[in-house]
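Student: Numbering (the working numbering), first residue to last: 28 to 479.
Where a beta carbon is used, it is the ideal one built from N, C-alpha and C, also for glycine.
Owing to the predicted nature of the structure, the values given are computational and were not obtained by experimental measurement.
Take this structure first; my questions come after.
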């Protein structure tokens, strides 16, 4: 679906650098590139040239590259102008390109054209944004595998299995005169079970990919002077928070981003929970509660300098402090003073972890505990990047399969099973873009940076 207009944008990151790239895509890309460079451009050849404006004044010298359609990223004629990475030079080249007939690209428009021209599917397009935004090495590797089509290949294999079974069932419906009862023989149920098994394997890997991409939001909360900031520093491996013996040192939210064996951890250190007449401290407590309400897990830090067996809600939560309905791990800090060995144990509705943020004893237990809480498995070679919308689509597709299995088991309703399989196909198609809405595409590509 070739576009009729030509777009232009800076493809390199904002700011100064050794090299800056201006990218053009569309029917006039080659003509604009040749005018700016002053020479004819041959496909896939680097041309050293001088970039000049309409008056012939020198803008900069650099390299021009031309990629002829459809053998380019967007599937259209593409020109890249590589010059010195000055924002002023980039702006002058953009201005001249627009004067020659191009228009400034929208956010993500180059990738959108690649998708619309069937150069990549929707999962691969999203993988580009994930690769650019990756904050961990594992996240970058996962996104790269998705960009190469690993996730899409797994989805296409599921679609092929579902389609084949749907054809098999519809053949049984359309040709009732055949003596063999395809449904009653158990062939369909057996193939359904196989598909479900493959489904679950893909879903498990997708959840791991989503976790590596999104990470875990961990909120450190508790009474003043329990060692919350010391725990933040111990987890992050640096002095992020000020630690003193004075209660209420932390009054605002502190954030730190680290990784645990490839799993991103978004740590939020909060103000101590207590009643106070101090307006600033009251605001800190309000913000702390807001962060706790959206946490994947709360580390509720208590003073564990004295050995005790029970951690009742009355002991854990300050007077008048309602318990937050989020998963909670009680961290009994200062076990170096209590003599209690670092350990993890279950008590009523809580997991209790004895550690010392000061000495580091028990920190390895905490890291393993956090990984287990999120169901994170250490990096594996088959992992790929996935997003929340992918997980939702897989869940809806799996629900359609389950419904079809029930229809088959309880009613032998082949027609209803065929319809459930059709819905399953449609949900899988949402992942790769085989089935998509304009609103979804707009939401996805608008999140990209300009020039990508």
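Which term fits residue 474, buried or exposed, when burial requires 16 or more other beta carbons within 10 angstroms of its beta carbon?
Tutor: Classification of residue 474: exposed, given that the 10 Å Cβ count is below 16.
Student: Look at the Cβ atom of residue 533, then the Cβ atom of residue 215, and state whether they are nearer than 8 Å.
Tutor: Any property of residue 533 remains undetermined from this structure, which presents the chain solely from 28 to 479.
Student: Rounded to the nearest angstrom, what separates residue 383 and residue 314 at their Cα positions?
Tutor: Distance between the alpha carbons of residue 383 and residue 314: 26 Å.
Student: Sort out for me which residues DSSP pairs residue 248 with in a bridge.
Tutor: BP columns for residue 248 point to 327.
Student: Give me, in chain order, the residues of the same chain whose beta-carbon lies closer than 7 Å to that of residue 71; leave out the 5 immediate sequence neighbours on both sides.
Tutor: Same-chain partners within the cutoff: 94.
Student: Rounded to whole angstroms, what is the Cα-Cα separation between residue 447 and residue 424?
Tutor: C-alpha separation (whole angstroms): 9 Å.
Student: Indicate whether residue 38 and residue 48 have their beta-carbon atoms separated by less than 8 Å.
Tutor: For residue 38 and residue 48, yes; Cβs fall inside 8 Å.
Student: Should residue 233 go down as buried or exposed, given a rule of 16 or more other Cβ atoms within 10 Å for buried?
Tutor: Residue 233 comes out buried.
Student: Which runs of the alpha helix (DSSP H) at least 4 residues long sit entirely within the region 82-161? Give them in chain order.
Tutor: As far as the region 82-161 is concerned, its whole alpha helix (DSSP H) runs of at least 4 residues are 114-126, 136-143, 149-160.
Student: Using 10 angstroms around the beta-carbon of residue 307, count the other beta-carbons present and answer buried if the total reaches 16, otherwise exposed.
Tutor: Residue 307 should be labelled exposed.
Student: Taking Cβ to Cβ, would you say residue 68 is nearer than 8 Å to residue 57?
Tutor: Yes. Within cutoff.
Student: Assign residue 157 to buried or exposed, taking buried as 16 or more other Cβ atoms, counted over all protein chains shown, within 10 Å of its Cβ.
Tutor: With 16 or more other Cβ atoms within 10 Å, it is buried.
Student: Taking 7 Å as the limit between beta carbons, can you name the residues of its chain near residue 442, skipping five residues before and five after?
Tutor: Once the five neighbours on either side are set aside, the close Cβ partners of residue 442 are 200.
Student: Pair every Cβ in the region 361-368 with every Cβ in the region 283-290, then say whether three or more of these pairs are closer than 8 Å.
Tutor: They do not touch, by the three-pair rule.
Student: What alpha helix (DSSP H) runs, 4 residues minimum, are completely inside the region 169-223?
Tutor: Here the runs fully enclosed are 177-201.
Student: How long is the line joining the alpha carbons of residue 264 and residue 239, rounded to whole angstroms?
Tutor: Approximately 20 Å between the Cα atoms of the pair.
Student: If contacts are defined as beta-carbon pairs under 8 Å, then residue 131 and residue 36 qualify, I think. What distance do you get, rounded to the angstrom?
Tutor: Contact holds; Cβ gap of about 6 Å.
Student: Grab me the residues of residue 457's own chain with a C-beta within less than 6 Å of its C-beta, minus the 5 sequence neighbours each way, in chain order.
Tutor: So the qualifying residues of the chain are 420.
Student: Does residue 283 come out as helix, strand or coil in the three-state DSSP assignment?
Tutor: Strand, per DSSP.
Student: Could you pull out every residue in the same chain whose Cβ sits closer than 8 Å to the Cβ of residue 80, ignoring the five residues on either side in sequence?
Tutor: The residues are 86, 119, 123.
Student: Can you tell me which of the three DSSP states residue 78 falls into?
Tutor: If DSSP states are grouped into helix, strand and coil, residue 78 belongs with the strands.
Student: I need the straight-line Cα distance from residue 310 to residue 322, nearest angstrom please.
Tutor: So the two alpha carbons sit approximately 19 Å from each other.
Student: Count the other C-beta atoms from every protein chain shown that fall within 10 angstroms of the C-beta of residue 136, then say buried if there are 16 or more, exposed otherwise.
Tutor: Buried.
Student: For residue 162, I'd like the list of residues in its chain whose CB is within less than 7 Å of its CB, leaving aside the five on either flank, ordered along the chain.
Tutor: The residues are 284, 291.
Student: Out of 252, 84, 247, 465, which has the shortest C-alpha to C-alpha gap to residue 259?
Tutor: Out of 252, 84, 247, 465, 247 has the C-alpha closest to the C-alpha of residue 259.
Student: Please name the residue in 121, 148, 34 whose C-alpha comes closest to that of residue 176.
Tutor: The candidate whose alpha carbon is nearest that of residue 176 is 148.
Student: Between the Cα of residue 76 and those of 65, 82, 84, 465, spot the shortest distance and give me the residue it belongs to.
Tutor: Nearest of 65, 82, 84, 465 to residue 76, Cα basis: 65.
Student: How close, in whole Å, do the beta carbons of residue 353 and residue 319 come, if the pair is a contact with beta carbons under 8 Å?
Tutor: About 6 Å; that satisfies the 8 Å criterion.
Student: Taking C-alpha atoms, which residue in 226, 250, 296, 243 lies nearest to residue 256?
Tutor: Among 226, 250, 296, 243, the Cα nearest to that of residue 256 is on 296.
Student: What do you reckon, are the CB atoms on residue 112 and residue 34 nearer than 8 Å?
Tutor: The answer is no: Cβ separation not under 8 Å.
Student: Need the endpoints of the beta strand (DSSP E) that residue 373 sits in, please.
Tutor: Taken as a continuous stretch (DSSP letters only), the beta strand (DSSP E) holding residue 373 covers 370-374.
Student: Near residue 8, which residues of its chain fall below 8 Å by C-beta distance, leaving aside the five closest residues on each side in sequence?
Tutor: It is not possible to answer for residue 8, since the shown part of the chain is limited to 28 through 479.
Student: Using a 10 Å radius around the Cβ and a threshold of 16 neighbouring Cβ atoms, would you call residue 417 buried or exposed?
Tutor: It counts as buried.
Student: Residue range of the alpha helix (DSSP H) that residue 64 falls in?
Tutor: Unbroken alpha helix (DSSP H) run through residue 64: 56-64.
Student: From the DSSP output, in three-state form, read off residue 482 for me.
Tutor: Because the chain spans 28 through 479 in this model, residue 482 falls outside it and cannot be assessed.
Student: If I follow the unbroken alpha helix (DSSP H) through residue 11, where does it start and stop?
Tutor: The displayed coordinates of the chain run from 28 to 479. Any statement about residue 11 would go beyond what the structure contains.
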